[in-house]
Amino acid sequence: MTHTIVIASGKGGTGKTSVTAGVGCALAELGHSCLMIDADVGMQSLDMALGVHQFAAFDFADAARGSIALTDAAVQLADFPLASVLAAPPAPDDISVNTLRTITRNIRELELYEYVLIDAPAGLGEGFRMAARAADSGLIVATADPICLRSAERAGQELMACGVANLRLVVNRVRPALMERGLPNIDDAIDTTGAQLLGYVPEDEAVIVSGAYGTPSILAPRSRAAQAYRNIAKRLSGEQVSLLKAGRRG
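Residues 23 to 272 in my numbering are what the sequence shown lists, from first letter to last.
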């Protein structure tokens, strides 16, 4: 069975792509085959975050046209052989709102991957809707400031309008010292977005350093964010992992 999850946010700057990369690698680390699709047409950031942009000769538009088999268009990660990345095209040529839905339908029919993570573009435009319509569940990534939470609430409404019924929340870039003082208020984040909390990711310099070097942040030793990604991946795959109130891991 293939689980297709759109990872979305209402605004940019939430760290959505980092969460996609981290959770995707963590799922592969757990033994699950995972395809990460960059749906941000023209930006192509997910392959850069994972350090494989120089190998991404094809994109999801090529796969949709049938120019190349999907498994050949996707780039396998050297450190995580069960994880692959399908890049976004540089321009919106030959792309419709159903392009990704066609791809994910084929993946399900052929059982090519256990998990498909779709990194949706920021905002609520056509690219967002294309990504949402290809998924059967949604993961909203938000920081816990009021502006971002309001945008996340709107993103959740748009996801449901696109037929995505199962919504979960990841609160990203949480500072442990502030969390000990009740900031951010995770309950407020849940209430505002209306989504079930799947986990939170502590602010971690390892994510910034890994992004700069194009290496998966989950490989960083003693990384609090990496541990949070692993916990989120375990919950996605059905394991019972407690949510700690301290910010050491999420």
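Glycine included, each C-beta is placed from N, C-alpha and C at the ideal position.
Beta bridge counterpart(s) of Ser159 as assigned by DSSP: Within the sequence shown, residue 159 is the residue found at index 137, counting from 1. Ile27 and Asn188, per the DSSP bridge assignment.
Residues bridged to Ala141 (per DSSP): On the sequence shown, residue 141 is found 119 positions in, with the first residue counted as 1. Looking at the sequence provided, one finds Asp at residue 141 rather than Ala. The partner list for Asp141 (beta bridge, DSSP) reads Ile29 and Asp60.
Contacting residues, own chain, Cβ-Cβ under 7 Å from Phe150 (five flanking each side not counted): The sequence position of residue 150 within the sequence shown is 128, counting from 1. Excluding positions up to five away in sequence, the list reads Ala30, Ala142, Pro143 and Glu180.
Limits of the unbroken beta strand (DSSP E) element including Pro224: On the sequence shown, residue 224 is found 202 positions in, with the first residue counted as 1. Per DSSP, Pro224 belongs to the beta strand (DSSP E) from Gln218 to Pro224.
Environment of Thr223 [buried if 16+ CB atoms lie within 10 Å]: Residue mapping note: residue 223 aligns to position 201 of the sequence shown, counting from 1. The question names Thr, but residue 223 is Val in the sequence shown. By the neighbour-count criterion, in which a residue is buried when 16 or more other Cβ atoms sit within 10 angstroms of its Cβ, Val223 is buried.
Cα-Cα separation, Lys267 to Leu220: Residue 267 sits at position 245 when you count from the first residue of the sequence shown. Residue 220 sits at position 198 when you count from the first residue of the sequence shown. At Lys267 the pLDDT is 44, less than 50, meaning the model places this residue with poor confidence; the figure from the coordinates comes in the next sentence. Whole-angstrom Cα-Cα distance: 13 Å.
Stretch-stretch touch, CB-based, cutoff 8 Å, three pairs: the segment 226-246 with the segment 31-46: At 8 Å Cβ cutoff, the stretches touch.
Beta-carbon separation (whole angstroms), Val196 vs Ala166, contact threshold 8 Å: Counting from one through the sequence shown, the residue named residue 196 turns up at place 174. Counting from one through the sequence shown, the residue named residue 166 turns up at place 144. Contact flag correct, Cβ pair sits at about 7 Å.
Nearest-angstrom Cα separation, counted from Val119 out to Met182: Counting from 1 along the sequence shown, the entry for residue 182 is found at position 160. Counting from 1 along the sequence shown, the entry for residue 119 is found at position 97. For Met182 and Val119, the distance between alpha carbons rounds to 16 Å.
Cβ pair Thr124, Ala86 closer than 7 Å: Walking along the sequence shown from the start, residue 124 turns up at place 102. Walking along the sequence shown from the start, residue 86 turns up at place 64. Their beta carbons are under 7 Å apart, which means Thr124 touches Ala86 by this criterion.
Touch test, the segment 128-136 against the segment 66-83, Cβ-Cβ under 8 Å, three pairs minimum: The segment 128-136, when compared against the segment 66-83, does not touch it at the 8 Å Cβ threshold.
For Ala199, the three-state DSSP class (helix, strand or coil): As a working note, residue 199 is residue 177 in the sequence shown. Helix, per DSSP.
Own chain partners of Phe102 with C-beta closer than 6 Å, once the 5 adjacent residues on each side are dropped: Stepping through the sequence shown from its first residue, residue 102 is reached at position 80. Cys47 and Ala50, listed in sequence order.
Among Ile90, Thr121 and Met58, the one whose alpha carbon lies nearest that of Gln98: As a position in the sequence shown, residue 98 is number 76, starting the count at 1. Comparing Cα-Cα distances from Gln98 to each of Ile90, Thr121 and Met58, the minimum goes to Met58.
Under 7 Å between C-beta atoms of Gln66 and Ala110: Within the sequence shown, the letter at position 44 stands for residue 66. Within the sequence shown, the letter at position 88 stands for residue 110. For Gln66 and Ala110, yes; Cβs fall inside 7 Å.
Between the CA atoms of Thr214 and Thr126 - distance to the nearest angstrom: Position 104 of the sequence shown, counted from the first residue, corresponds to residue 126. Position 192 of the sequence shown, counted from the first residue, corresponds to residue 214. Cα-Cα distance, rounded: 30 Å.
Backbone CA spacing between Leu161 and Tyr135 [nearest angstrom]: As a position in the sequence shown, residue 161 is number 139, starting the count at 1. As a position in the sequence shown, residue 135 is number 113, starting the count at 1. Looking at the two C-alpha atoms, the distance is approximately 18 Å.
DSSP three-state assignment for Ala105, whether helix, strand or coil: The count along the sequence shown starts at 1 and reaches residue 105 at position 83. Three-state result, Ala105: strand.
Closest by C-alpha distance to Ile117, when choosing among Ser89, Leu72 and Val63: Your numbering for residue 117 matches position 95 in the sequence shown. Closest option to Ile117, judged by alpha-carbon separation, among Ser89, Leu72 and Val63: Val63.
Neighbourhood of Gly37 by C-beta, 6 Å cutoff - its chain only, sequence neighbours within 5 removed: Here residue 37 refers to the residue found at position 15 when the sequence shown is read from its first residue. Closer than 6 Å at Cβ, skipping near neighbours: Asn194 and Arg195.
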